[in-house]
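Per this note's numbering, residue 350 is the first one in the sequence shown, and the count goes up by one each step. We put the CB at the ideal spot given by N, CA and C, even for glycine. From a predicted model like this one, the values you see are computed outputs, not experimental measurements. Worksheet: the structure to be examined is printed underneath.
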Amino acid sequence: MGHFARLYIHLYLEKNCSELFGSRELLIRCKCKSMAMAERLPEGVHHYDTAEEVPFEISKYWHQRYEIFSKYDDGIWMTDDAWFGVTPEPVARQIAEDLSTAPKSKTVLIDCFAGAGGNAIAFALSGRWNQIFAIEKDPKVLACAKHNAEVYGVAKKIWWIEGDAFEALRKRLKGQAKNAVIFGSPPWGGPTYTDFEVFDLKAMQPYSMQQLHDAFTAVSKDTVLYLPRTSDLQQVAKYVKKGDKLRVTHYCMHGASKALCVFFGDFEAT
């Protein structure tokens with residue numbers, strides 16, 4: 350590498366659940382109400398009320414549903430695949446707080462892989478951004494994100510774009526680039542990423558870190574990537590220019606890291 354790269358590593362422990370969510374009243378839903386909700390859901394979109402309904406492969410995520418969306422019982426929509434990629438709400442809120450330390454001239458937030466809307470909702474709730482653009486190429490997942498933002502009362506604060514993030518950055522959002530912070534929570538290749546003690550960012554599918562870094566920083570130097578907690582930090586360090594520092598922040602719940610963010614650009618330490 351030819352130079353010493355320094356990484357800032359921070360750990361954010363979860364706040365008390367009651368502080369984040371307040372008291373939660375459990376809702377008792379009658380069968381007819383659940384059936385009515387199912388009738389109006391788009392094809393491939395679900396709201397699972399009971400464990401018996403949940404496919405086995407996503408059951409552990411469903412049991413964490415209130416950590417993923419505290420308003421789950423208010424009618425959160427998900428596709429089965431979306432469960433694997435959604436950011437838990439306490440983590441999403443802390444990330445939103447951290448991104449708010451970007452230079453004041455940055456007034457636009459672009460969420461390149463919006464998924465079911467967890468991060469976009471947190472960005473909107475922060476009140477920091479004049480404009481928020483959320484990009485998602487799967488129309489079913491995008492429908493979930495829009496609906497979930499309505500549940501949280503922020504749908505009108507987000508501009509929704511259906512399509513490829515890279516193309517949207519090159520074309521539709523080109524004019525917003527100079528004032529934008531880019532946030533990317535890319536696919537990690539499915540839940541099998543946990544099989545690796547050290548995650549190879551070069552082999553990340555369908556987009557490698559190199560591809561993400563090059564495409565996003567070409568649009569805005571203020572870019573944040575949300576990556577697996579076991580990401581190879583030696584690979585991350587290769588993106589540090591000589592004499593510079595790169596912030597890497599781990600986000601933890603229940604005493605364990607859930608994921609990390611790499612901050613490219615000018616973000617104040619928090």
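When secondary structure is reduced to three states using DSSP, Thr598 falls in the strand class.
Under the three-state reduction of DSSP, Phe613 is assigned to strand. Note that the C-beta distance between Asn528 and Thr450 is not below 7 Å. Under DSSP, the beta-bridge partners assigned to Phe548 are Ser580. The beta-bridge partner set that DSSP reports for Phe565 is empty. Shown here for Ser557: same chain residues with a beta carbon closer than 7 Å to its own, the five before and five after excluded, namely Leu550, Lys551 in chain order. Looking at the backbone, the Cα of Met602 and that of Tyr575 are separated by about 16 Å. In the three-state reduction of the DSSP assignment, Leu574 falls in the strand class. Measuring C-alpha to C-alpha distances from Ala564 to each of Ser606, Leu609, Glu516 identifies Glu516 as the nearest. Short of 7 Å from the beta carbon of Pro555, and not among the five residues preceding or following it, lie these beta carbons of its own chain, in chain order: Pro536. About 6 Å separates the Cβ atoms of Val394 and Lys489, confirming a contact at the 8 Å cut-off.
Secondary structure note for Asp460: its beta strand (DSSP E) is the uninterrupted segment 457-460. Listed as beta-bridge partners of Met427 by DSSP are His395.
Nearest in C-alpha terms to Ala494, of all of Ile510, Gln480, Leu595, is Ile510. Between the segment 426-445 and the segment 456-475 there are three or more C-beta pairs closer than 8 Å, enough to call the two in contact. Lys607 carries a strand assignment under DSSP once its states are collapsed to helix, strand and coil. A check of alpha carbon separations from Thr436 across Phe613, Phe612, Lys607 identifies Lys607 as the nearest. Counting C-beta pairs with one atom in each stretch, the segment 473-480 and the segment 407-423 have fewer than three that are closer than 8 Å, which means they do not touch.
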